[in-house]
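Asks:
Number of protein chains: 2
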Amino acid sequence: MQLSDVNHAIANRLHSAAIHLLRRLRRHDEAMGLSPARASALSVVVFGGPVTIGDLAHAEHVSPPTMTRLILGMERDGLVRRESDARDGRIVWLHPTSKGTRFLHEGRDRRVSALAEQLATLTDRDRRTLASASEILERLLRPAARASAAERPERRAVTPPEVRPQRARRR
Amino acid sequence: MQLSDVNHAIANRLHSAAIHLLRRLRRHDEAMGLSPARASALSVVVFGGPVTIGDLAHAEHVSPPTMTRLILGMERDGLVRRESDARDGRIVWLHPTSKGTRFLHEGRDRRVSALAEQLATLTDRDRRTLASASEILERLLRPAARASAAERPERRAVTPPEVRPQRARRR
DNA sequence: TATATTCATTTAGCTACGCTAACTAGATAT
DNA sequence: ATATCTAGTTAGCGTAGCTAAATGAATATA
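Chains S and Y, in that order, are what the protein sequence lines are.
Each residue of the first sequence is one higher than the last, beginning at 1 in this note's numbering.
Each residue of the second sequence is one higher than the last, beginning at 1 in this note's numbering.
(1) Which residues in the same chain have their Cβ closer than 8 Å to the Cβ of Ser-84(S), if we skip the five residues on either side of it in sequence?
(2) Comparing C-alpha positions only, which one of Gly-107(S), Arg-13(S), Glu-138(S) and Arg-139(S) sits nearest to His-8(Y)?
(3) Should Leu-21(Y) and Leu-104(Y) be called a contact, given that it needs their Cβ atoms to be closer than 7 Å?
(4) Looking at the secondary structure, which residues open and close the alpha helix (DSSP H) in which His-58(S) lies?
(5) Throw me the rounded Cβ distance for the Ile-136(Y) and Leu-122(S) pair, which I believe falls under 8 Å.
(6) So what does DSSP say about Ile-10(Y), is it helix, strand or coil?
(7) Using CA atoms only, rank isn't needed, just tell me which of Arg-81(Y), Ser-132(Y) and Leu-119(Y) is closest to Glu-138(S).
(8) Name the one or two DSSP bridge partners that Pro-96(S) has.
(9) Measure the alpha-carbon distance for Arg-102(S) versus Asp-109(Y) and round it to whole angstroms.
(10) Going by other Cβ atoms of all chains shown within 10 Å of its Cβ, with 16 needed for buried, is Arg-87(Y) buried or exposed?
(11) Start and end of the alpha helix (DSSP H) containing Val-44(S)?
(12) For Met-67(S) versus Ala-57(S), is the C-beta spacing smaller than 7 Å?
(13) If the cut is a Cβ gap below 9 Å, which residues of chain S does Val-92(Y) touch?
(14) Rounded to a whole number of angstroms, what is the C-alpha to C-alpha distance between Gly-78(Y) and Val-62(Y)?
(15) Looking only at its chain, what residues have a beta carbon closer than 6 Å to the beta carbon of Arg-82(S), apart from the 5 residues adjacent to it on each side?
(16) Just reading off the alpha helix (DSSP H) that Leu-130(S) is part of, what are its end residues?
(17) May I ask you to report which of helix, strand or coil DSSP gives Ala-120(S)?
(18) Determine whether the Cβ of Arg-69(S) lies closer than 7 Å to any Cβ atom of chain Y.
(19) Determine the burial state of Asp-5(Y): buried for a count of at least 16 other Cβ atoms within 10 Å of its Cβ, exposed for fewer.
(20) One question on the structure: do Ala-11(Y) and Leu-115(S) come within less than 7 Å of each other, judged by their Cβ atoms?
(21) Using a Cβ-Cβ distance under 7 Å, would Val-112(Y) count as near chain S?
(22) For the putative contact between Ala-18(S) and Ala-18(Y), defined by C-beta atoms under 8 Å, what is the C-beta separation to the nearest angstrom?
(23) Can you find the residues in the same chain that come closer than 6 Å, C-beta to C-beta, to Ala-39(Y), ignoring five residues on each side of it along the sequence?
(24) Mind reading off the beta-carbon distance from Glu-95(Y) to Val-112(Y)? Whole number of angstroms is fine, and I expect it under 8 Å.
(25) Would Asp-124(S) count as contacting chain Y if we go by Cβ distances under 7 Å?
(26) Check Ile-91(Y) in the structure and name its three-state DSSP category.
(27) Step through the CB atoms of chain S and report whether any lies within less than 7 Å of the CB of Ser-40(Y).
Put into structure tokens, the structure is as follows:
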């Protein structure tokens, strides 16, 4: 058996595990008005400081129109707030509202509590394996930043954000 | 920090990793006409022998109407074949077609190959961690069979299946 | 035997969320 | 001045989730 086969086998199992995991969590998700897509995007807004729509789409591996719609809904529900950039009229900065921040925390808690209960039935060793695996995966899947600061110098970011979000090129 | 907090933290990270993993794979999925939901269901049909719609829905953590529609599409595309039970007219047995079997294998290969390439960049240790994690997860998420053979005795299964699928109660 | 209940699947209708193509308007470059 | 590029939106499509209700078959009960 070749190395590439091993990788394929692992990839397959990961894929299937991910599908089943998300299906399992979906019910809890929607019970509280934070769909999986929303919860994921909102967490970037809450933890990642002010962020533009395009960057959020990139971070979430989603097309810009998809993110526009997602944000529209969350804005209607008072979870995020738009703010246009003072220097570049095309850019929209997204900020979490206090309601958004609260919802995110509550939602995440509720959403994963069923899973957390099941995790409690595992051995310490297995739990540690899952923890490491999720870190490895996030590292592996983190979108590569394609543009250095030098390439895309000061054009924004003076205006709202104290915490400067790293901007990255799409694709 | 309490044990339950640890479990929540791990659950959160797993959740987020699963979302990003699936988004990453989606493109490749659809490139070959086997959507994630289809691929997952088809693999149960192919590897799990003939199976009924209800049991497939249960195995996939999906409602019966959702599975009906999924199967409808796959039947139209010649990936699965319906066969009604000779004894119980309500039951529909699903069989893979040869095209379905072929598609599944080709699809899985293509679908995960991008991920497999990335896995190749990891250390052996990390790869092993991911492999163990996916096994732990599948074990944790496997739907519990609620009905023993004794409770639901011979009522079907004489007709088509050589390999007797285990039937389980829904919720 | 007739009737009621249970069961597997389907139909109908809703929502969320992916996508691409095409458009608008602002910013930058020639 | 004009052209090109960029960020975001609009329009429109498809897949996949769901619940509620219908259909038709099987089983249990009076």
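C-beta: ideal position from N, C-alpha, C; glycine also.
Since this is a predicted model, take the numbers as computed values, not measurements.
Replies: Walking through what the data contain:
(1) Along the first sequence, one-based indexing puts residue 84(S) at 84. Counting only Cβ-Cβ distances below 8 Å, and skipping sequence neighbours, we find Ile-91, Val-92 and Trp-93.
(2) Here the question's residue 8(Y) lines up with position 8 in the second sequence. Looking at the Cα atoms, Gly-107(S) is the closest of the given residues.
(3) Position 21 of the second sequence, counted from the start, is the residue given in the question as residue 21(Y). Position 104 of the second sequence, counted from the start, is the residue given in the question as residue 104(Y). No. Outside cutoff.
(4) What you label residue 58(S) is simply residue 58 of the first sequence in a count that begins at 1. Where His-58(S) is concerned, the enclosing alpha helix (DSSP H) stretches over 53-59.
(5) The count along the second sequence starts at 1 and reaches residue 136(Y) at position 136. The count along the first sequence starts at 1 and reaches residue 122(S) at position 122. That belief holds up - the Cβ atoms of Ile-136(Y) and Leu-122(S) are roughly 7 Å apart, short of 8 Å.
(6) Counted from its first residue, the second sequence places residue 10(Y) at position 10. Reduced to three states, the DSSP call for Ile-10(Y) is helix.
(7) Residue numbering aside, residue 138(S) sits at position 138 when the first sequence is read from its first letter. Out of Arg-81(Y), Ser-132(Y) and Leu-119(Y), Leu-119(Y) has the C-alpha closest to the C-alpha of Glu-138(S).
(8) Here residue 96(S) refers to the residue found at position 96 of the first sequence. Paired residues: Val-80(S).
(9) In the first sequence, counting from the first residue as 1, residue 102(S) sits at position 102. In the second sequence, counting from the first residue as 1, residue 109(Y) sits at position 109. Between Arg-102(S) and Asp-109(Y), the C-alpha separation is close to 42 Å.
(10) Here residue 87(Y) corresponds to residue number 87 of the second sequence, with the count starting at 1. Result: exposed.
(11) Translated into positions along the first sequence, residue 44(S) becomes position 44. Per DSSP, Val-44(S) belongs to the alpha helix (DSSP H) from 36-47.
(12) Within the first sequence, numbered from 1, the residue matching residue 67(S) stands at position 67. Within the first sequence, numbered from 1, the residue matching residue 57(S) stands at position 57. Their beta carbons are under 7 Å apart, which means Met-67(S) touches Ala-57(S) by this criterion.
(13) As a working note, residue 92(Y) is residue 92 in the second sequence. Residues of chain S passing the Cβ test: none, with the nearest at roughly 22 Å.
(14) Residue mapping note: residue 78(Y) aligns to position 78 of the second sequence, counting from 1. Residue mapping note: residue 62(Y) aligns to position 62 of the second sequence, counting from 1. Rounded to whole angstroms, Gly-78(Y) to Val-62(Y) spans 22 Å at the Cα level.
(15) Position 82 of the first sequence, counted from the start, is the residue given in the question as residue 82(S). Cβ within range, chain order: Val-92.
(16) For the purposes of this step, residue 130(S) is identified with residue 130 of the first sequence, where counting begins at 1. Residues 124-141.
(17) Mapped onto the first sequence, residue 120(S) falls at position 120. Coil.
(18) In the first sequence, residue 69(S) corresponds to position 69, counting from 1. It does not: the Cβ of Arg-69(S) has no partner Cβ on chain Y nearer than 7 Å.
(19) Your numbering for residue 5(Y) matches position 5 in the second sequence. Flag for Asp-5(Y) reads exposed.
(20) Counted from its first residue, the second sequence places residue 11(Y) at position 11. Counted from its first residue, the first sequence places residue 115(S) at position 115. In this structure, Leu-115(S) lies closer than 7 Å to Ala-11(Y) by Cβ.
(21) Counted from its first residue, the second sequence places residue 112(Y) at position 112. Chain S, which has a Cβ nearer than 7 Å to the Cβ of Val-112(Y), makes this yes.
(22) Here residue 18(S) refers to the residue found at position 18 of the first sequence. Here residue 18(Y) refers to the residue found at position 18 of the second sequence. With a Cβ gap of about 4 Å, Ala-18(S) and Ala-18(Y) count as contacting.
(23) Here residue 39(Y) refers to the residue found at position 39 of the second sequence. Gly-107.
(24) Counting from 1 along the second sequence, the entry for residue 95(Y) is found at position 95. Counting from 1 along the second sequence, the entry for residue 112(Y) is found at position 112. Residue identity check: residue 95(Y) is His in the sequence provided, not Glu. Contact doesn't hold; Cβ gap of about 25 Å is too wide.
(25) Stepping through the first sequence from its first residue, residue 124(S) is reached at position 124. No, because no Cβ of chain Y sits closer than 7 Å to the Cβ of Asp-124(S).
(26) Residue numbering aside, residue 91(Y) sits at position 91 when the second sequence is read from its first letter. Of the three classes helix, strand and coil, the one that applies to Ile-91(Y) here is coil, per DSSP.
(27) In the second sequence, residue 40(Y) corresponds to position 40, counting from 1. So yes, Ser-40(Y) belongs to the interface.
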